[in-house]
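Right, one structure below, let's go through it.
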Amino acid sequence: MTEPSVLELRGLSFRYATGRLALDNVTCAISAGERLAVVGPSGAGKSTLLMHCNGLLPVPPVVRDEEAQVFVHGLAVTKPRLREVRRQVGFLFQDPDDQLFCPTVRDDVAFGPLNLGLDRTEVLARVERGLAAVGMADCATRNPAELSTGERKRVCLAGVMACEPSLLVLDEPTSNLDPRARRQLLAILREFAGTLIVATHDLDFVIDLCDRVLVLDEGKVQADGRTERILSDPLVMDRHGLEVPWRLRAGRTS
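Remember, our numbering sits 286 above the position in the sequence shown when you count from 1.
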C-alpha cells in the first residue's frame, strides 16, 4: 500500500477578508524526507501557503474529509482534526518574538510538549534534547529577551523540535541573521531527519538545504522541480521577480 504524502494540497485557494486572493488553486504533494523551498516575490502567497499546513489560517468547513484542500499524512486539515494535525507539524515563524513569551528559555521550550499532554519526565527529556540539538543547553535559565536574534531563533527551533514533528515548516528562517547565525541554523536543519518546507528569499540557503523548489507568484504555482534546475533557469527566475544565484551562474553549487 502506498504511503500518503506528508503534505498534500488539493486545489488550495484562499482569499483574505480584504478581498485579496492570496492562493489560487495550488496543488502539490510532498513526500517523506523531502526538503522543499517555496520562493517567489514579496506578496506571492508564500507565508499564506505555509500557514495552511497546520491550520493557522481558517479552514473552510467541509462535509466530508475528502473535500478538504490540505492533508497531512493523509489527515484532512479540518477544525475537528487540528490538534491531531498540529502534533505532526512544527512551525517556525519569521519573527522569534512571535513564539517566545516565557520568563526562561527552558520554559519556552517546554511549552509545546506540555501542551501535548506529556508527563513531566518526558517533557524535561525533550527540552534537554531540543536545547542540545540547537547548541543552547547552556542558556536554559536565561531570559529569551537577553539573547540575540539568532539565539532566539534557535530557542524557537528547539521548542518546535521538542514536539518531535515529522514536518517542519519555516517562514523566512534566515531573516535578520548574521552570517554566523545563518551557518549555525543551516547546520541544525541539515541534521533534521524529517520533512522540511521553507519559504525564503535567501536562494543560497535554498541551494545549501533544499532538494526541490516551488515558485509561487500571484498565488499560483509557476514552476516546481529540482533546486538547481529551477534556480538556474533565467526565464523562470526573471519572469517571477527573482535572480539566478551567482553560484549557479558560475556553475558552482558548493
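Even for Gly, the Cβ is constructed at its ideal location relative to N, Cα and C.
#1: Quick one: what's got a C-beta closer than 8 Å to C339's C-beta in the same chain, skipping five residues either side?
#2: When DSSP builds the beta bridges, which residues end up paired with K506?
#3: If you run the structure through DSSP and keep just helix, strand and coil, what is R498?
#4: Nearest CA to the CA of G398: which residue from V499, R373, D464 and L502?
#5: What is the residue span of the alpha helix (DSSP H) that D393 lies within?
#6: Have a look at C442 and R306 and give me their C-alpha separation to the nearest angstrom.
#7: Within the chosen definition, does the region 432-450 reach the region 406-418 through at least 3 CB pairs nearer than 8 Å?
#8: If we count Cβ pairs, one from each stretch, closer than 8 Å, do we get three or more for the region 388-407 versus the region 464-476?
#9: Could you give the distance in angstroms between the alpha-carbon of G511 and the alpha-carbon of P520?
#10: Alpha carbon to alpha carbon, what distance is there between T427 and G436?
#11: How far does the beta strand (DSSP E) with C314 in it reach, from first residue to last?
#12: Along the chain, where does the beta strand (DSSP E) containing T481 start, and where does it finish?
#13: When burial is assigned at 16 or more other CB atoms within 10 Å of the CB, is G360 buried or exposed?
#14: Leaving out the 5 sequence neighbours to the left and right, which residues in its chain are closer than 8 Å to L343 when beta-carbon positions are compared?
#15: Does DSSP put A448 in a helix, a strand or coil?
#16: In three-state terms, what does DSSP make of V360?
#17: Considering only the alpha carbon of each residue, which of A323, A330 and E320 lies closest to D310?
#18: By the DSSP assignment, the beta strand (DSSP E) with V563 in it spans what residues?
So, to answer that:
#1: Non-local C-beta neighbours of C339 in its own chain, meaning closer than 8 Å and more than five positions away in sequence, comprise L293, V356, V358, V363, V375, F377, L453, V455 and I483, ordered along the chain.
#2: By DSSP's assignment, K506 forms a beta bridge with D503.
#3: In the three-state reduction of the DSSP assignment, R498 falls in the strand class.
#4: Checked all of V499, R373, D464 and L502; the closest Cα to G398 is R373.
#5: Boundaries of the alpha helix (DSSP H) around D393: V391 to N401.
#6: Cα-Cα distance, rounded: 31 Å.
#7: Yes, they touch.
#8: Per the Cβ contact rule, the region 388-407 is not in contact with the region 464-476 (fewer than 3 Cβ pairs under 8 Å).
#9: Their Cα atoms are separated by approximately 14 Å.
#10: Each residue's Cα considered, the two are about 17 Å apart.
#11: Its beta strand (DSSP E) spans residues L307 to I316.
#12: First-last of the beta strand (DSSP E) with T481: T481 to A485.
#13: The residue is exposed, with fewer than 16 neighbouring Cβ atoms inside 10 Å.
#14: Around L343, the same chain offers F300, T334 and M337 as residues with beta carbons nearer than 8 Å, after the five sequence neighbours per side are excluded.
#15: Here A448 sits in coil by DSSP.
#16: Sequence inspection shows Gly at residue 360; the Val mentioned does not correspond to that position. G360: coil per DSSP, three-state reduction.
#17: Ranking the options by Cα distance to D310, first place goes to A330.
#18: No answer is possible for residue 563: it lies beyond the span of the chain, which begins at 287 and ends at 540.
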